[in-house]
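Notes for the one structure printed next.
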Amino acid sequence: MNIRRAEPKDLTNIQQCNLQNLPENYHMRFWAYSAITWPEVSFLAEDSGGRVVGYVLSSIEPDEEFPWLQVGHINSLSVLRTYRRLGLAKRLMLLSRKAMIESHDVEYIQLHVRKSNRAAFSLYSEKLGFQIHRKEIGYYGDGEDAYSMRFILKQRSLVHRLGRRVHGFVYGRQRAFANWTLRCSKRVNQIK
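Residue numbers (our numbering): 47 to 238.
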């Protein structure tokens with residue numbers, strides 16, 4: 047078994063692996079965009095004959111709330127059924143995580159998993175340390191709900207974010223008080 051970084055030339059084989067395993071299938075443009083834009087964070091596993099038997103396709107995105115922060119995103123993870131329970135999915139995920147940290151210094155890594163996919167949920171939560179961030183109703187095309195999960199890398203960043211919010215609130219209040227004081231002093235001067 048060989049695990050290596052995915053390359054654009056592998057996209058057709060990766061897509062075939064996806065088609066055999068997952069109900070969610072992406073257009074080739076999506077695969078190409080991910081592979082070309084973030085080549086360092088996606089990996090594949092191939093058998094001795096060079097056939098792709100598993101992959102993780104990842105990307106880097108801005109945080110929804112704080113767009114200046116980088117976030118890793120697992121777009122798709124798949125391992126052929128005959129190669130499951132060998133630790134391939136976990137190894138692929140750990141390689142992608144390491145690459146995201148080293149190349150993009152991400153705050154956290156996020157993914158979505160079908161509520162009914164207990165095996166994947168177990169992998170993410172029990173073996174890889176992901177936690178449910180929220181439940182997304184009707185997330186998938188067939189109407190099934192998803193768990194949005196996150197693996198937090200920088201707890202201090204979350205505290206820092208809260209600190210920025212508090213600072214912004216306090217600064218805003220100070221500015222409002224200063225403006226009020228200025229208006230009052232102008233009125234007092236007008237009365238004199």
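Every residue, glycine too, gets a C-beta built ideally from N, C-alpha and C. Since we're looking at a predicted model, the values are computed, not measured.
Item, Value
"If you compare alpha carbons, which of Asn-67, Met-146, Leu-57, Leu-138 is closest to Met-74?", "Leu-57"
"Between the alpha carbons of Asn-64 and Gln-177, how many angstroms are there, rounded?", "25 Å"
"Relative to the C-alpha of Met-139, which residue among Gln-62, Tyr-186, Glu-53, Leu-90 is closest?", "Leu-90"
"Using CA atoms only, rank isn't needed, just tell me which of Arg-137, Ser-124, Thr-128, Glu-92 is closest to Leu-174.", "Arg-137"
"Kindly indicate the opening and closing residues of the beta strand (DSSP E) around Ser-105.", "98-108"
"Please state the DSSP three-state secondary structure of Tyr-186.", "coil"
"Under 8 Å Cβ to Cβ from Lys-181, same chain only, skipping five residues before and after it: list those, please.", "Lys-161, Asp-191, Ala-192, Tyr-193, Ser-194"
"Do the CB positions of Phe-197 and Tyr-129 come within less than 8 Å of each other?", "no"
"Going by other Cβ atoms of all chains shown within 10 Å of its Cβ, with 16 needed for buried, is Gln-66 buried or exposed?", "exposed"
"Am I right that Ile-147 and Tyr-101 are in contact with their C-beta atoms under 8 Å? What's the rounded C-beta distance?", "About 20 Å separates the two Cβ atoms, so there is no contact after all."
"Would you kindly check if the distance between the Cβ of Ile-120 and the Cβ of Ser-142 is under 8 Å?", "yes"
"So for His-73, helix, strand or coil by DSSP?", "coil"
"Whose C-alpha, out of Asp-93, Ser-124, Ala-81, His-179, is nearest the C-alpha of Ile-293?", "Examination of residue 293 is not possible in this model, given that the chain is present from 47 through 238 alone."
"Going by the DSSP bridge assignment, what does Lys-181 pair with across the sheet?", "Tyr-193"
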